[in-house]
Amino acid sequence: MDTGDWRTQLQPGSRQRIVNRIMEILKRHLPFSGQEGLQELKKIAVRFEEKVYTAATSQSDYLRKISLKMPQNTIPTGNGNKPLYPGGKCAKSKL
1 MDTGDWRTQL QPGSRQRIVN RIMEILKRHL PFSGQEGLQE LKKIAVRFEE KVYTAATSQS
61 DYLRKISLKM PQNTIPTGNG NKPLYPGGKC AKSKL
């Protein structure tokens with residue numbers, strides 16, 4: 001597969017599921033209050049996902065970059081809640 005068009009190979013809804021998972025993680029690790037705080041977390045999650053999506057060179061690179069930056073590396077992989085890259089380190093400051 002040509003790495004230039006890896007984005008066309010994503011299943012419909014995949015990016016939204018990733019954004020939703022990022023939101024779950026942010027809610028556990030960052031303080032927020034009320035609907036306004038929730039909307040701000042969503043903006044952060046969407047911007048983060050878009051930035052990684054644009055910069056990634058392949059789907060595995062996309063998932064790896066997200067996984068490495070998420071606290072506890074808990075992005076779903078289709079195998080339960082196991083981390084994508086168990087050895088990955090993350091820092092909250094990179095969000």
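Using the UniProt record's numbering, count along the sequence shown one by one with no gaps and you end on 95. The beta carbon of each residue, even a glycine, is placed where N, CA and C say it ideally should be. Owing to the predicted nature of the structure, the values given are computational and were not obtained by experimental measurement.
Cβ neighbour criterion (16 or more within 10 Å) applied to residue i
i, result
"Glu49", "buried"
"Leu63", "buried"
Unbroken alpha helix (DSSP H) run spanning residue i, endpoints
i, result
"Arg47", "34-55"
"Ser58", "Looking at the DSSP string, Ser58 is not in any alpha helix (DSSP H), and its letter there is neither H nor E."
"Gln16", "14-29"
Which listed residue (the options) has its alpha carbon closest to that of residue i
i, options, result
"Glu40", "Gln11, Met23, Trp6, Ser60", "Met23"
"Lys51", "Gln11, Arg15, Phe32, Gln35", "Arg15"
"Ser67", "Thr8, Arg7, Ile25, Ile44", "Ile25"
"Thr8", "Arg64, Ser58, Pro71", "Ser58"
"Val46", "Leu30, Pro12, Arg21, Leu10", "Arg21"
"Asp5", "Arg17, Ser60, Met70", "Ser60"
Beta-carbon proximity of residue i to residue j, cut-off 8 angstroms
i, j, result
"Lys43", "Ala56", "no"
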